[in-house]
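Chemist: Mind the numbering: the sequence shown is residues 1 to 443 in the numbering used here, read in order. Idealized CB from N, CA, C, for every residue including glycine.
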Amino acid sequence: MNKVLLIIRREYLSRVKKKSFIIMTFLTPLLIAGIYGLIGYFTYKGIKDTHDKIAVVSTNKTLTDKLVTDKNIEYKYVDQALDVMKKSLKKSDYDYVLYLPEFKLEDPKGIELFGEKQAGLSLNGRISRDIEELIRNQKLKESGISQNDLDQLKTSVNIETKKIAAETGKEESSSAGASTIIAFIAGILMFMFIMLYGIQVMRGVIEEKTSRIIEVMISSVKPFQLMMGKIIGIALVGLTQFILWIVLTFTISTIAATVLIDKADVKKITTSAEGNQIAKGTEVVTQTQGPIGDIQKNLAGLDFGKIISVFVFFFLGGYLFYSALYAAIGSAVDSETETQQFMMPVMMPLLLGYALSLSVVTNDPYGNVAFWLSMIPFTSPIAMVVRMPYGVPGWELALSMTILIIGFIGTVWVASRIYRVGILMYGKKTTFKEMFKWFTYKN
1 MNKVLLIIRR
11 EYLSRVKKKS
21 FIIMTFLTPL
31 LIAGIYGLIG
41 YFTYKGIKDT
51 HDKIAVVSTN
61 KTLTDKLVTD
71 KNIEYKYVDQ
81 ALDVMKKSLK
91 KSDYDYVLYL
101 PEFKLEDPKG
111 IELFGEKQAG
121 LSLNGRISRD
131 IEELIRNQKL
141 KESGISQNDL
151 DQLKTSVNIE
161 TKKIAAETGK
171 EESSSAGAST
181 IIAFIAGILM
191 FMFIMLYGIQ
201 VMRGVIEEKT
211 SRIIEVMISS
221 VKPFQLMMGK
231 IIGIALVGLT
241 QFILWIVLTF
251 TISTIAATVL
261 IDKADVKKIT
271 TSAEGNQIAK
281 GTEVVTQTQG
291 PIGDIQKNLA
301 GLDFGKIISV
311 FVFFFLGGYL
321 FYSALYAAIG
331 SAVDSETETQ
341 QFMMPVMMPL
351 LLGYALSLSV
361 VTNDPYGNVA
371 FWLSMIPFTS
381 PIAMVVRMPY
391 GVPGWELALS
401 MTILIIGFIG
411 TVWVASRIYR
421 VGILMYGKKT
431 TFKEMFKWFT
441 YKN
């Protein structure tokens, strides 16, 4: 046991002391925050700064109203012929020419948009919606219904979703949107971590094997002890990095929210909240209104402590499960270029679990597919963390954890039998048949 602890200590310290580990640990949350910040900024800026001038050539006598200009699209009706406008478009101030021919309201055909540049999907969709609004209003007029009457018939409905806890029977606030976002983030992180640190185990084994240092180490420790020490040591490296990322991400988010939210907006939110206080005896409950209030309300219904705890368990379990297989692959080859034929069978279940979890499981987290994906050890690390934000019965969670532990023990046993032989094999092209022979060798 002491030898395994020494190997774990060596693997852990040799990696966390590297400059690359320190730099990427602190830089990754900043890079992620920066990337999403840039995406949000340019998306907002693109929407805000877009302004297209469109000349409208209309021969339509059916539509009595005209297209309405707003801050992003300016419609200008012109009296010139379509051919003239198309020829003079390049020299004019207009970006596009929109042609509205005569058509039946039930079957609007022949509408065309001309421009020197290709109209984007967003612009095309916006113009289509504006014309559809015109046609709808015209149909209302002809049927004798005014827009004001129609508006009075409309009633907005906001459904507050709640979940009844199976254990306590209490009502809990829930949000499909917030749950789906957390599920996607958890699934992507789990897939990324298992792949990243599993491949690190494989590369470490290959490096020690090709440098022949493994021959010296085998004289002092058993192959199984060496493999377990390497796997657990790198697992602790991944866990350390994950915890630091959570702390740094929370710190950066808090600082960003403090710096970026305008004081006027804070005052407006506070004023709105003060106007919506609900007194309950001596207790006063503040309800923040608007999008920020909705986000707070949605996230408040999620048990982040339980989600993070389950994530850590399945990260360790999934990593240990797959890293044993990666260690076996690393021991069977002499270079990383030879690993491709062995990595694909190992990666396929993980990829399948990733793809199905972010499609089928998020749409039906309580269905049969979601259940079995979260039970099979090859897919449960991703499927279960994706299901957690939606709520998972305690017995399913316990059963999945138990099966994953059993699967990990079985995988380590299989991998160790291949590892003990493959780690000392050099210069021979390994095949699946050869690896099966190593597995069946007796001690």
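What are the boundary residues of the alpha helix (DSSP H) that includes Tyr-419?
Modeler: For the purposes of this step, residue 419 is identified with residue 419 of the sequence shown, where counting begins at 1. 394-422 is the extent of the alpha helix (DSSP H) around Tyr-419.
Chemist: My assumption, with CB atoms under 8 Å, is that Met-401 sits in contact with Phe-313. Please give the rounded CB distance.
Modeler: For the purposes of this step, residue 401 is taken as residue 401 along the sequence shown, with counting starting at 1. For the purposes of this step, residue 313 is taken as residue 313 along the sequence shown, with counting starting at 1. Rounded, the Cβ-Cβ distance is 7 Å, consistent with contact.
Chemist: Considering only residues of the same chain and omitting the five flanking positions on each side of Val-68, which have a CB-CB separation below 8 Å?
Modeler: Numbered from 1 along the sequence shown, position 68 holds the residue referred to as residue 68. Answer for Val-68: Tyr-75, Asp-130, listed in chain order.
Chemist: Give the secondary structure of Phe-114 by DSSP, where H, G and I count as helix, E and B as strand, and everything else as coil.
Modeler: For this step, residue 114 is matched to residue 114 along the sequence shown. Three-state DSSP puts Phe-114 in a strand.
Chemist: Under a Cβ-count criterion, where at least 16 other Cβ atoms within 10 Å of its own Cβ denotes burial, should Val-4 be classed as buried or exposed?
Modeler: Within the sequence shown, residue 4 is the residue found at index 4, counting from 1. Buried is the call here.
Chemist: Do the CB positions of Gln-118 and Leu-63 come within less than 8 Å of each other?
Modeler: As a working mapping, residue 118 is identified with position 118 in the sequence shown. As a working mapping, residue 63 is identified with position 63 in the sequence shown. Result no, Cβ atoms of Gln-118 and Leu-63 do not sit closer than 8 Å.
Chemist: Within 8 Å, do at least three Cβ pairs link the region 383-401 to the region 410-421?
Modeler: no
Chemist: Based on the DSSP secondary-structure assignment, which residues constitute the bridge partners of Asp-52?
Modeler: Sequence index remark: in the sequence shown, residue 52 carries index 52 (1-based). Answer by DSSP bridge pairing, in chain order: Ile-73.
Chemist: Whole-angstrom Cβ separation of Glu-11 and Gly-229, contact assumed at under 8 Å?
Modeler: Locating residue 11 in the sequence shown gives position 11, counting from the first residue. Locating residue 229 in the sequence shown gives position 229, counting from the first residue. That belief holds up - the Cβ atoms of Glu-11 and Gly-229 are roughly 6 Å apart, short of 8 Å.
Chemist: How about the region 87-98 and the region 113-127: do they share at least three Cβ pairs that are nearer than 8 Å?
Modeler: yes
Chemist: Given this structure, state the Cα-to-Cα distance separating Ile-329 from Trp-372, to the nearest angstrom.
Modeler: Start at 1 with the first residue of the sequence shown, and residue 329 comes out as number 329. Start at 1 with the first residue of the sequence shown, and residue 372 comes out as number 372. Separation of Ile-329 and Trp-372 (C-alpha to C-alpha, rounded to the nearest whole angstrom) is 27 Å.
Chemist: Identify which residue in Ile-7, Ile-194, Gly-37 has its Cα closest to the Cα of Met-347.
Modeler: If you number the sequence shown from 1, residue 347 lands on position 347. Comparing Cα-Cα distances from Met-347 to each of Ile-7, Ile-194, Gly-37, the minimum goes to Ile-194.
Chemist: Any chance the CB of Phe-184 is under 7 Å from a heavy atom of the ligand GDP?
Modeler: Judged by which ligands are present, the structure shown has none, so any question about the ligand GDP falls away.
Chemist: I'd like the span of the alpha helix (DSSP H) that includes Val-386, first residue to last.
Modeler: Looking up residue 386 in the sequence shown gives position 386. Val-386 -> alpha helix (DSSP H) spans 380-387.
Chemist: What do you get for Val-247, buried or exposed, if any count of 16 or more other CB atoms within 10 angstroms of its CB means buried?
Modeler: Looking up residue 247 in the sequence shown gives position 247. So Val-247 counts as exposed.
Chemist: Helix, strand or coil: which one does DSSP assign to Leu-89?
Modeler: Stepping through the sequence shown from its first residue, residue 89 is reached at position 89. Three-state DSSP puts Leu-89 in coil, outside helix and strand.
Chemist: Which of the three DSSP states is assigned to Lys-104 in this structure?
Modeler: What you label residue 104 is simply residue 104 of the sequence shown in a count that begins at 1. Strand at Lys-104.
Chemist: What is the rounded straight-line gap between the Cα of Ile-295 and the Cα of Met-24?
Modeler: Locating residue 295 in the sequence shown gives position 295, counting from the first residue. Locating residue 24 in the sequence shown gives position 24, counting from the first residue. In this predicted model, Ile-295 has a pLDDT of only 48, less than 50, meaning its place in the structure is not dependable; the value taken from the coordinates is given anyway. Ile-295 and Met-24: Cα-Cα distance of roughly 30 Å.
Chemist: When DSSP labels each residue in this structure, what does Tyr-197 get in the three-state scheme?
Modeler: If you number the sequence shown from 1, residue 197 lands on position 197. In the structure shown, Tyr-197 sits in a helix (DSSP, three-state: H, G or I).
Chemist: Determine, using beta carbons only, whether Trp-245 and Thr-28 come nearer to each other than 8 Å.
Modeler: Taking the sequence shown and counting its residues from 1, one reaches residue 245 at position 245. Taking the sequence shown and counting its residues from 1, one reaches residue 28 at position 28. With contacts defined by Cβ atoms closer than 8 Å, Trp-245 and Thr-28 form a contacting pair.
Chemist: Given a cut-off of 8 Å on the beta-carbon distance, is the pair Asp-93 and Ile-73 in contact?
Modeler: On the sequence shown, position 93 is the one that residue 93 refers to. On the sequence shown, position 73 is the one that residue 73 refers to. Contact: no.
Chemist: Checking the sheet assignment: what are the DSSP bridge partners for Val-445?
Modeler: The structure shown has nothing for residue 445, since the chain only spans 1 to 443.
Chemist: Please classify Tyr-197: is it buried, with 16 or more other beta-carbons within 10 angstroms of its beta-carbon, or exposed?
Modeler: Here residue 197 corresponds to residue number 197 of the sequence shown, with the count starting at 1. Label assigned to Tyr-197: buried.
Chemist: Helix, strand or coil for Ser-58? Go by DSSP, reduced to three states.
Modeler: Numbered from its first residue, the sequence shown carries residue 58 at position 58. Three-state result, Ser-58: strand.
Chemist: Could you spell out where the alpha helix (DSSP H) holding Ala-332 opens and where it closes?
Modeler: Counting from one through the sequence shown, the residue named residue 332 turns up at place 332. Ala-332 -> alpha helix (DSSP H) spans 304-332.
Chemist: Quick one: what does DSSP say Tyr-354 is sitting in, helix, strand or coil?
Modeler: Taking the sequence shown and counting its residues from 1, the one referred to as residue 354 is at position 354. If DSSP states are grouped into helix, strand and coil, Tyr-354 belongs with the helices.
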